[in-house]
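Each residue of the sequence shown is one higher than the last, beginning at 9 in the numbering used here.
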Amino acid sequence: MKAFIFDLDGVIVDTAKYHFLAWKRIGEKVGFSLSIAQNESLKGVSRKESLDRILAWADVALSKEKKEQLLLEKNDDYLHQIQGMGQEEILPGVLDLLTFAQQNNVPVSLGSASKNATAILKKLQIDHLFDAIVDGNNVTKSKPNPEVFLKGAELLQQEPNNCIVFEDAAAGIQAAKAAGMISIGMGGAEEVKSADYCFASMTEITKEFITTL
Ligand code: BG6
Ligand code: MG
């Protein structure tokens, strides 16, 4: 049986909408209106890199200190929005797949760009279902760089080609491909159509399909 590597935001839980709102408000502070398409390209990208891209789109240059301040404000806004989040926000089918993995000795890692990942898994009460966690605190290169997934494979002691990555972002699918892993695009967005397989929801992923992989 292969190993699973899950992205967090937009795959396990729909936090993508909270990130979007928080980035939109940061954009407004520098006189910029972040579009849905631009936001889509920020998915899977680290906090710092996301701010740099927004400032470039806005054609605004800021001091290092001002940027640090905006990064703090963005995260405060985001954390405020997810304050009351609980198990009910886990996306459909996720718990079933994690339980399937546990029952069948499938090693599971998180592969997320978020520095808030561990806190979120705890809020959702599913941290115990992961054998390894790789997040924004353990990597130096943002997706589409494969570092986050390769570290996950290493921690699980698996060969990259034995890993299946679940991702909702174009940058994440590129990272999975660059790592030499099987990619599953989640959520049905046009941007993830380049994945090896695509599903609108995890409820569509059958045990038979997983077994054929
Ligand atoms: C990714 C999200 O998972 O994590 C991005 O798709 C987000 O939207 C990035 O910017 C970093 O997250 P955080 O929680 O460290 O700001
Ligand atoms: Mg994501």
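We treat Cβ as the ideally placed atom computed from N, Cα and C, and that holds for glycine.
Owing to the predicted nature of the structure, the values given are computational and were not obtained by experimental measurement.
Exercise. Relative to the alpha-carbon of residue 64, which residue among 81, 30 and 46 has its alpha-carbon at the smallest distance?
Worked result: 46
Q) For residue 191 versus residue 197, is the C-beta spacing smaller than 8 Å? A) no
Q.
Taking 8 Å as the threshold (C-beta atoms), are residue 213 and residue 101 in contact?
A. yes
message: Taking 7 Å as the cut-off, is the C-beta of residue 19 nearer than that to any heavy atom in ligand 2?
response: yes
- Task: Please go through the stretch 116-184 and give each complete alpha helix (DSSP H) segment of 4 or more residues, from N-terminal end onward.
- Result: 125-131 and 155-164
Exercise. By the 10 Å Cβ neighbour count, where 16 or more other Cβ atoms means buried, how is residue 178 classified, buried or exposed?
Worked result: buried
Which two residues bound the contiguous alpha helix (DSSP H) that contains residue 44?
44-50
Let's see if you can read the secondary structure: which residues bound the alpha helix (DSSP H) around residue 218? 215-220
- Quick one, which of 41, 124, 90 and 49 has its alpha-carbon nearest residue 145's? 124
Nearest neighbour of residue 118, chosen from 23, 163, 89 and 148 [CA to CA] | 163
Option nearest residue 169 by Cα separation, candidates 129, 70 and 221
221
I'd like to know whether the C-beta atoms of residue 122 and residue 135 end up nearer to each other than 8 Å. no
| Opening and closing residue of the beta strand (DSSP E) in which residue 13 lies | 11-14
Check your understanding: Does the distance from the C-beta atom of residue 129 to that of residue 138 stay below 8 Å?
Key -> yes
**Message:** Quick test of the definition: if touching needs 3 or more C-beta pairs under 8 Å, does the stretch 83-91 touch the stretch 151-163?
**Reply:** no
Quick one: what's residue 193 bridged to in DSSP? 175 and 206
Worksheet item: In three-state terms, what does DSSP make of residue 114?
Response: coil
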